[in-house]
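The structure appears below as structure tokens.
Residue numbers (the working numbering): 10 to 138.
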């Protein structure tokens, strides 16, 4: 039942993000797979690129919690210097995700009003940029 409820939330988000593909990269469901929608990951692009920190602060001020996308770029961790075969400069996609990725709320307790609140907050932030 959790997955079913999260899927409803994700479908509402998808309506918004599909109309804003110039600003966001986002997960597009594969018709042959069933996502658990454990989160709703985004990568900011266009005029939102490099605005992750200000977006997260803006949303938090509206009581909307976000998370960095995964745990960041592993290649930036000090331990990686010990491995000759891993060079952070050779991983631009990982760097981009680490700098511009975040996840917005997507869980089974959200209702349509909550999702619309998140979307309206995103629209407000976009309008200010």
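Glycine included, every Cβ here is placed at the ideal spot set by N, Cα and C. Source: prediction; values computed, not measured.
- DSSP lists 34, 110 as the beta-bridge partner residues of residue 52.
- Residue 60 and residue 137 have their C-alpha atoms spaced approximately 12 Å apart.
- With 16 or more other Cβ atoms from the protein chains shown falling within 10 Å of its own Cβ, residue 75 counts as buried.
- Between the alpha carbons of residue 94 and residue 132 lies a gap of roughly 43 Å.
- By a beta-carbon distance limit of 8 Å, residue 52 contacts residue 33. Their separation comes to about 7 Å.
- Between the beta-carbon of residue 45 and that of residue 73 there is about 21 Å, and that puts the pair past the 8 Å contact cut.
- The residues 134, in chain order, have a CB closer than 6 Å to that of residue 67 in the same chain once the five nearest residues on each side in sequence are set aside.
- In summary, residue 78 is buried, with 16 or more beta-carbon neighbours lying within 10 Å of its beta-carbon over all protein chains present.
- For residue 121, the CB contacts under 8 Å within the same chain, skipping 5 residues up- and downstream, are 21 in chain order.
- Here residue 92 is exposed, its C-beta having fewer than 16 other C-beta atoms within 10 Å.
- An exposed status is given to residue 101, since fewer than 16 other beta-carbon atoms sit within 10 Å of its beta-carbon.
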